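Novice:
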Amino acid sequence: QVQLVESGGGLVQPGGSLRLACASSVSIANIYRMDWYRQAPGKQREAVAGLRITGGTNYEDSVKGRFTISRDNAKRTMYLQMNNLKVEDTAVYYCYLRPSVYSATDYWGQGTQVTVSS
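When we follow the working numbering, the leftmost residue of the sequence shown carries the number 76, and every step to the right adds one.
(1) Please go through the same chain and pick out, in chain order, the residues whose beta-carbon is closer than 8 Å to the beta-carbon of ARG146, but skip the five residues on each side of it.
(2) Please classify GLU81 as buried or exposed, where buried requires at least 16 neighbouring CB atoms within 10 angstroms.
(3) For ARG94, count neighbouring Cβ atoms within 10 angstroms of its own Cβ and tell me buried if that reaches 16, exposed if not.
(4) Here's the rule I'm using: 16 or more other beta-carbon atoms within 10 Å means buried, otherwise exposed. How should SER99 be labelled?
(5) Got a sec, what are the start and stop residues for the beta strand (DSSP E) ARG108 sits in?
Put into structure tokens, the structure is as follows:
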């Protein structure tokens, strides 16, 4: 069983920065896929950024150039650096992990609230 724990959310003014962390209970060195998702009130959960075992990354268009996904295998932690935050970035942010392309089970964290407001 994989446990994921997010941290780093909070209240920030527009233009500010936050760094989210997702700590895993298992090694992430050979994990097939790790993503950050977010869900704003009244909206569907959407993918924000993804990190693949190949090292490749992908980003939702609205966060390109502002958000950076990374991971530290030694710390078993994935990060999301969020810069130049906007009001529309307000949401609960979740980390997601899929161990391998053949996995029958995916894993989610409990979420961390990010609120961007003046």
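Where a beta carbon is used, it is the ideal one built from N, C-alpha and C, also for glycine. Quantities reported herein were computed from a predicted structural model and do not represent experimental measurements.
Specialist: This is what the structure gives:
(1) ILE103, MET109, LEU126, THR152, MET153, TYR154
(2) buried
(3) exposed
(4) buried
(5) 108-114
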